[in-house]
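**Q** One structure, pasted below without further comment.
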Amino acid sequence: MADSRYVRAINKALSDAMAADESVILMGEDIADAGGSFKATRGLLEQFGPMRVRDTPISENAIVGAAVGAALSGLKPVVEIMFMDFVTLAMDALVNQAAKSRFMFGGQASVPMVVRLPHGGGLNAGPQHSQCLEAWFAHIPGLKVLCPATVEDAYSLLRAAIDDPDPVVFVENKALYAMAGDLPDQPGKAMIGQARVAREGSDVTVVTYGATLFSCLKAADELVGHGISTEVIDLRSLQPWDKETVLASVAKTHRAVVAHEAVRSFGIGAEIAAVIGEEGFDDLDAPVGRVGAPFMPVPFARSLESRFIPDAAAIRTAVQACLV
Amino acid sequence: MADSRYVRAINKALSDAMAADESVILMGEDIADAGGSFKATRGLLEQFGPMRVRDTPISENAIVGAAVGAALSGLKPVVEIMFMDFVTLAMDALVNQAAKSRFMFGGQASVPMVVRLPHGGGLNAGPQHSQCLEAWFAHIPGLKVLCPATVEDAYSLLRAAIDDPDPVVFVENKALYAMAGDLPDQPGKAMIGQARVAREGSDVTVVTYGATLFSCLKAADELVGHGISTEVIDLRSLQPWDKETVLASVAKTHRAVVAHEAVRSFGIGAEIAAVIGEEGFDDLDAPVGRVGAPFMPVPFARSLESRFIPDAAAIRTAVQACLV
Amino acid sequence: MKRPAADKHIGGNSRLLDLHRTMLLVRAAETALSKLFADGEIPGFIHLSLGQEAVAAGVCSALAAGDTMATTHRGHGHVIARGIDLDGFFKELMGREGGQCKGRSGSMHVADMNLGILGANGIVGASVPLALGSALAHQTRQTGHVAVAFFGDGAMAEGALYEALNMAALWSLPLVSVCENNGWSEFSPTARQFKGRLVDLAGAFGIRHILADGNDAEVTAEAAQEAVDHARAAGPVVLECITTRWRGHFEGDPQKYRDADEMATMAAGDPIGRSRARLAEIGIAASHLDMMAAEAEALVTGCVDASRADPLPDFDATLADVYTPLGAH
Amino acid sequence: MKRPAADKHIGGNSRLLDLHRTMLLVRAAETALSKLFADGEIPGFIHLSLGQEAVAAGVCSALAAGDTMATTHRGHGHVIARGIDLDGFFKELMGREGGQCKGRSGSMHVADMNLGILGANGIVGASVPLALGSALAHQTRQTGHVAVAFFGDGAMAEGALYEALNMAALWSLPLVSVCENNGWSEFSPTARQFKGRLVDLAGAFGIRHILADGNDAEVTAEAAQEAVDHARAAGPVVLECITTRWRGHFEGDPQKYRDADEMATMAAGDPIGRSRARLAEIGIAASHLDMMAAEAEALVTGCVDASRADPLPDFDATLADVYTPLGAH
Ligand SMILES: Cc1ncc(C[n+]2csc(CCOP(=O)(O)OP(=O)(O)O)c2C)c(N)n1
Ligand SMILES: Cc1ncc(C[n+]2csc(CCOP(=O)(O)OP(=O)(O)O)c2C)c(N)n1
Ligand SMILES: [Mg+2]
Ligand SMILES: [Mg+2]
């Protein structure tokens, strides 16, 4: 166990994957010389050279399009899009090309590529540098969508994403990059599609992912004082997502709340809540609560953003609401 | 009452809006001389001239970006993106610019623009010419999302969209363009956000939008034979959507099914079902059923696409499932 | 069905004969497709390259095994010239189980990974970043291969082309960008949509630009060889082939927007007429040339019959193949 | 706070004095911002244009009322030179209720519709299509105004620029595309990212290209006047201003990637030092020039104090303002 940080775990996963498989290459803006805006690729240029660690021009569409062509030609590209908000410029490459090529080509080819997308607020970066758009990708057949919350998952999920033969949208939370945590000396690779019970409980199930996990755990702590035992599930994988683990927990607790940082309306939580309501109908003793950002662009001012991002209090309130 | 067609209603709405307000202009690929790939803009160049009806280059990103700039400078642009699948090239302009400008600028400006997006299958147009991506836009604060199913709504909703001060994503269904229907001689303008009870019933509520409305009505007819009275609600507006009408119906029928052509997973139906499950919890006698396309790209072959698109049988089955 | 081999016995003229044979095959295939489409035997819509056969034959004649290519919605000629199994091609367009892509893609996404065909594409301009990435793979993996991007003149307006040209120049990638310039973008003359000149755009990035008469197979083949050699040795190159679109944008397009003379004079530039005349000049018997055309048509007829007999794709198997099956990799 | 009026009495030199005053204001504002940021009084991140003041002052000096502009993440100078209310500007960057955008946007989206400022932008390259559309509105509505798009040299790699240049040329729109070429794209020399030459790109579309020393306010002002006149009369034009980024990409960037000499020699090209020297030459008293600088700093200090005293934005009011209130239009 070495103590590490979320961003260092990403960095180590990239480094280990590149060492293990020379077909893995990196592309992105200022990822080579500068080591990335969030330093996730620091040192990799020196380690693997300019052929495999490529600083690109500011051309998101062509970068991701090139990744698809490279993935169809023997490489495993890992692309960094500096802020998830900029993936709006690369949606054709991701959605019309990467996601569909294997299917469209009759299964002749796979598209082994990863697009790393830092999402989320907390940096007062404003409306165009803070969005959580993962729900878009979860809706697209052919893409897989992962979002690690812990230092260990940042490593193990990224290794799994790079090993995966299909295109993976890898969502990282900017506010977590500096977070400290333990990383085993020989960290493993995760199984895509498996959730993790982050905290066991018996009264209510809180389903979450990404940075919101920590608000959920905080809320769970606080709820103990109110005599409420909260089970917290970290999805880790959003597409596919671990229905079995979620439904099994709800069968035990009979109550559920889904929480994430993304805008609540038409967010990831809608699908989770709908499936719990449909397949867990008989288990439910209360409506499935949903916690997410209010329906507005991410505001800049501290006083606004701090209220925009769902916090432990919001989760606590939602949990208590389904227990009255 | 003149008998018209869905595409002619679109055409008349554009023509009437341009006649009523000279700040309304049209932009798109082959919309002027050729009158549009689906003929929605036929005759408008002759009527309003090349300044207001502009054939653009194949540059989706710049077209929509220019529409935003024009909307901020006194025009009301209506953009045609030939197939909704191509909006993947214009997501920055729509999501980062159009949707957020009013908010980001502190309410100084509005962005009165409409982007027309033909979606849906049935033409065997294959994986890159058939998608239903409306759920993406419903998730974005600042955008409004409409989807007319009838000839009259095609007109009245488009007029409302063009009059609206905010950016509207206007989703048209390609398979409906040729559909005949009545259009009043002085058709009105719809109220954005109001659903329509397309058929009254007492046993179950089916919530839908777009072309799937007709499969729902067909299913409702067939269900009469099984002694089931089905209420069918056509949402018409997806963002905002008419929660009140939907919940009122469920309070009456105690059962609900949500159906659409878009992929089921993480689709529009997820939010509708989640809200019914949450706010209509005590009214529900059965889980909310969801009908949508299976989790795959839209396949080309007739034998595949016909099974891909949800039909009346699928809706009937879902309704019956929530009545056992 | 196997294709007839090149007439090696004719020695020095074998290349022209091969080009001629390839064009005959594309011509026969698309002539059949036009009829099949009119008869409702082909779902969706198809964009034919009749009149543009010399570009497909010429460019692909310059490619070696291992070279890759990405093409457009008007890509039938390219994939046939590259050697795609004609049987699987027809079955695909007719939506059959035995189709090259199992009936999932149709005309607009035909691909053959064994031949390095990264697919036709339904998105205008998308072929260029795809080929760029393939070229990047060739460079990184030191395969010595080149990647070809076919794109139309209308696609020049897409930013994707521009971004890709810059990256190709920046990394001096073995990318051959082939502009199939037929003067039309759907129903509009491209001149009414695009103000740039490709030669100047390429020049702005220091990329070599080669212009060719895309209605002459030999000229195109030579230009393509020059372009491919340049790409292999020195990095990106743009090959612009001036050619003629005979049919509508898609089958069923009445082409009201084209004036009579253009339609009338079109046939004059027929690339197949030209190569046939030249072959006749150098003494290839008319009977032999007729036989070649007949062979191509027979091959196509066989594929069409086989496609009609082929079963329809199975839905459940299709649904199960969205992601790579575990263990397949 | 009202800004001091132009010294009309100095007649012929009033333009240089105005440019100088504008640059002093930008310099004072951003110098204060740098300090405020270091002290944690400014949330998020800010990109300063210190060293680039001549571009902002010069270009905006050529604009008339009604002309519009869209700018970039490095847009403080542009909006200040255009005349934005400095009080609202500081309140915005400090996240206050009285901010120009009510504290919702911060540095990267400052806008003022009354001045035709369509916003700074967090998306590299996005300013160009926005200004293109504004120019289209000017043409359609026959306002006689021009639209200006500021963009950086790194933004040249975005397809949006290319697509917009083509459309501007196609429709001969009154668009002035101003490339603020400081040689850097974040932490990389742009030469390592972009192989194209802007003069050739503009040329490929038949768009006039004007080059200016962006560290000289008068030279830039004249070039800008020429560009704006051209746009008003004859359509699109590209103005490339060569300038120098003094600070890091954003405040807090240690700039390890820049070598010592560059950092050392930077100050030599100081646009304000230059204009001050020229004003001294033509006899403006040092005392007067010092007073001008003091005025600018006083103005800024006042704005900073007012911002500190300003209340924080109200969340519920903000949430209620995502869409246009009914009846507002
Ligand atoms: C991104 C995108 N925009 C628009 C279209 C619709 N479309 C299909 S082909 C075409 C014209 C292409 O012209 P060109 O590139 O010259 O190719 P050609 O058809 O002449 O071979 C258009 C606009 C599309 N398929 N993709
Ligand atoms: C679409 C997009 N990609 C990447 C970024 C991150 N980014 C912000 S500024 C910048 C460099 C821009 O360089 P340049 O255009 O020269 O402007 P300068 O900072 O030099 O003024 C980058 C890559 C962004 N904001 N938007
Ligand atoms: Mg063409
Ligand atoms: Mg720069």
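If you read the sequences in order, they're chains A, B, C and D.
The first sequence runs 1 to 324 under the numbering used here.
The second sequence runs 1 to 324 under the numbering used here.
The third sequence runs 1 to 329 under the numbering used here.
The fourth sequence runs 1 to 329 under the numbering used here.
We treat Cβ as the ideally placed atom computed from N, Cα and C, and that holds for glycine.
1) Less than 8 Å between CB atoms is the rule here; does residue 197(B) satisfy it with respect to chain D?
2) With respect to 7 Å, is the separation between the Cβ of residue 282(A) and the closest non-hydrogen atom of ligand 3 below this value?
3) Report the rounded CA-to-CA distance for residue 135(C) versus residue 68(C), giving the unit in angstroms.
4) Using a cut-off of 7 Å between C-beta atoms, extract the partners of residue 326(B) located in chain D.
5) Looking at ligand 1, does it come within less than 7 Å of residue 89(B), judged from the CB to the closest heavy atom?
6) Is the Cβ of residue 307(D) closer than 8 Å to any Cβ of chain B?
7) Where does residue 73(B) fall in DSSP's three states?
8) Name the chain C residues whose beta carbon is nearer than 8 Å to that of residue 234(D)?
9) Between residue 55(B) and chain C, is the shortest Cβ-Cβ distance under 8 Å, so that the two count as touching?
10) Give the single residue among 216(D), 196(D), 176(D) and 14(D) whose Cα lies nearest to the Cα of residue 210(D).
11) Jot down the residue ranges of each uninterrupted beta strand (DSSP E) in the segment 215-268 of chain C, minimum 3 residues, whole runs only, in chain order.
12) For residue 252(A) and residue 215(A), I'd like the C-alpha separation in whole angstroms.
13) Residue 275(B) to residue 188(A), Cα distance in whole Å?
14) In the DSSP assignment, what residue or residues form a beta bridge with residue 54(A)?
15) Name the residue from 150(B), 207(B) and 49(B) whose alpha carbon lies nearest to the alpha carbon of residue 184(B).
16) Run down chain D in chain order and give the residues with a C-beta less than 9 Å from the C-beta of residue 163(C).
17) Kindly list, in the order they appear in chain A, the residues whose Cβ is closer than 7 Å to that of residue 322(C).
18) Which value, in whole angstroms, describes the spacing of the CA atoms of residue 111(D) and residue 59(B)?
19) So which residues on chain C does residue 175(D) lean against when the C-beta distance must stay under 9 Å?
20) Between residue 214(A) and chain B, is the shortest Cβ-Cβ distance under 8 Å, so that the two count as touching?
21) Which residues in chain F have a C-beta closer than 8 Å to the C-beta of residue 45(B)? List them in chain order.
22) Would you report the Cα separation of residue 139(B) and residue 131(D), rounded to the nearest angstrom?
23) Just checking: is the beta-carbon of residue 178(B) within a distance shorter than 8 Å of some beta-carbon in chain C?
24) Contact criterion: CB-CB distance below 8 Å. Does residue 128(A) meet it with respect to chain B?
25) Within 7 Å: the Cβ of residue 166(C) and any heavy atom of ligand 6?
26) State yes or no: is the beta carbon of residue 59(B) nearer than 8 Å to at least one beta carbon in chain D?
27) Round the Cβ separation of residue 91(D) and residue 99(D) to the nearest angstrom and send it over; I've been treating them as touching at under 8 Å.
28) Who does residue 68(C) pair with in a DSSP beta bridge?
29) Would you give the residue range spanned by the beta strand (DSSP E) that residue 20(D) belongs to?
30) Taking a Cβ distance cut-off of 8 Å, strictly less, list which residues of the segment 273-304 of chain A are near chain D, in chain order.
31) Since residue 283(B) sits in a beta bridge, which residues does DSSP pair it with?
32) Less than 8 Å separating the beta-carbons of residue 190(B) and residue 213(B)?
33) Is there at least one Cβ from chain D nearer than 8 Å to residue 165(B)'s Cβ?
34) Is residue 18(B) close to chain D, meaning its C-beta is less than 8 Å from at least one C-beta of that chain?
35) Where does residue 3(B) sit, in a helix, a strand or coil, going by DSSP?
36) Between the segment 297-312 of chain B and the segment 223-230 of chain B, do at least 3 Cβ pairs fall closer than 8 Å?
**A** Judging by the given coordinates:
1) Indexing the second sequence from 1 puts residue 197(B) at position 197. Output row for residue 197(B): interface = no.
2) Taking the first sequence and counting its residues from 1, the one referred to as residue 282(A) is at position 282. Not one heavy atom of ligand 3 sits closer than 7 Å to the Cβ of residue 282(A).
3) Walking along the third sequence from the start, residue 135(C) turns up at place 135. Walking along the third sequence from the start, residue 68(C) turns up at place 68. Counting only the Cα atoms, residue 68(C) lies some 8 Å from residue 135(C).
4) Residue 326(B) lies beyond the range of chain B shown here (1 to 324); nothing can be said about it.
5) In the second sequence, residue 89(B) corresponds to position 89, counting from 1. Yes, Cβ of residue 89(B) sits closer than 7 Å to a heavy atom of ligand 1.
6) Along the fourth sequence, one-based indexing puts residue 307(D) at 307. Taking CB atoms only, residue 307(D) has no neighbour in chain B less than 8 Å away.
7) Translated into the one-based positions of the second sequence, residue 73(B) becomes position 73. If DSSP states are grouped into helix, strand and coil, residue 73(B) belongs with coil.
8) Numbered from 1 along the fourth sequence, position 234 holds the residue referred to as residue 234(D). Residues of chain C passing the Cβ test: none, with the nearest at roughly 14 Å.
9) Position 55 of the second sequence, counted from the first residue, corresponds to residue 55(B). For residue 55(B), the answer is yes, since a Cβ of chain C falls inside 8 Å of its Cβ.
10) The residue labelled residue 210(D) in the question sits at position 210 within the fourth sequence. Closest option to residue 210(D), judged by alpha-carbon separation, among 216(D), 196(D), 176(D) and 14(D): 176(D).
11) 237-242
12) Counting from 1 along the first sequence, the entry for residue 252(A) is found at position 252. Counting from 1 along the first sequence, the entry for residue 215(A) is found at position 215. Roughly 22 Å separates the two Cα atoms.
13) To locate residue 275(B), count along the second sequence from 1; it is residue 275. To locate residue 188(A), count along the first sequence from 1; it is residue 188. Whole-angstrom Cα-Cα distance: 39 Å.
14) The count along the first sequence starts at 1 and reaches residue 54(A) at position 54. Per DSSP, 27(A).
15) Against the second sequence, residue 184(B) aligns to sequence position 184. Cα-wise, what sits closest to residue 184(B) is 150(B).
16) Taking the third sequence and counting its residues from 1, one reaches residue 163(C) at position 163. Near residue 163(C) (Cβ distances below 9 Å), the residues of chain D are 157, 158, 159 and 162.
17) Here residue 322(C) refers to the residue found at position 322 when the third sequence is read from its first residue. Chain A residues near residue 322(C): 103, 141 and 142.
18) Indexing the fourth sequence from 1 puts residue 111(D) at position 111. Indexing the second sequence from 1 puts residue 59(B) at position 59. When rounded, the distance between both Cα atoms is 26 Å.
19) Counting from one through the fourth sequence, the residue named residue 175(D) turns up at place 175. Those within 9 Å of residue 175(D) in chain C number zero; the least Cβ separation is about 13 Å.
20) Position 214 of the first sequence, counted from the first residue, corresponds to residue 214(A). It does not: the Cβ of residue 214(A) has no partner Cβ on chain B nearer than 8 Å.
21) Any reference to chain F falls outside this structure, whose protein chains are A, B, C and D.
22) Translated into the one-based positions of the second sequence, residue 139(B) becomes position 139. Translated into the one-based positions of the fourth sequence, residue 131(D) becomes position 131. Spanning the two alpha carbons is a distance of roughly 27 Å.
23) If you number the second sequence from 1, residue 178(B) lands on position 178. The beta-carbon of residue 178(B) is placed no less than 8 Å from the nearest beta-carbon of chain C.
24) Along the first sequence, one-based indexing puts residue 128(A) at 128. Yes, because at least one Cβ of chain B sits closer than 8 Å to the Cβ of residue 128(A).
25) The model depicted lacks ligand 6 and carries ligand 1, ligand 2, ligand 3 and ligand 4 instead.
26) Here the question's residue 59(B) lines up with position 59 in the second sequence. Taking Cβ atoms only, chain D reaches closer than 8 Å to residue 59(B), which makes this a yes.
27) The residue you call residue 91(D) lines up with position 91 of the fourth sequence. The residue you call residue 99(D) lines up with position 99 of the fourth sequence. Between residue 99(D) and residue 91(D) the Cβ distance is about 4 Å, and since that is below 8 Å, they are a contact.
28) Residue 68(C) sits at position 68 when you count from the first residue of the third sequence. Bridge partners of residue 68(C): 147(C).
29) Here residue 20(D) is taken as the residue at index 20 of the fourth sequence, counted from 1. Segment 14-38 is the alpha helix (DSSP H) holding residue 20(D); no beta strand (DSSP E) there.
30) 294, 295, 296, 297, 299, 300, 301, 302, 303 and 304
31) In the second sequence, residue 283(B) corresponds to position 283, counting from 1. Answer by DSSP bridge pairing: none, since residue 283(B) is not bridged.
32) Position 190 of the second sequence, counted from the first residue, corresponds to residue 190(B). Position 213 of the second sequence, counted from the first residue, corresponds to residue 213(B). It is not a contact, given that the beta carbons lie outside the stated cut-off.
33) If you number the second sequence from 1, residue 165(B) lands on position 165. Yes, because at least one Cβ of chain D sits closer than 8 Å to the Cβ of residue 165(B).
34) Against the second sequence, residue 18(B) aligns to sequence position 18. Taking 8 Å as the CB threshold, residue 18(B) stays off the interface with chain D.
35) Residue mapping note: residue 3(B) aligns to position 3 of the second sequence, counting from 1. Residue 3(B) falls in the strand class under three-state DSSP.
36) no
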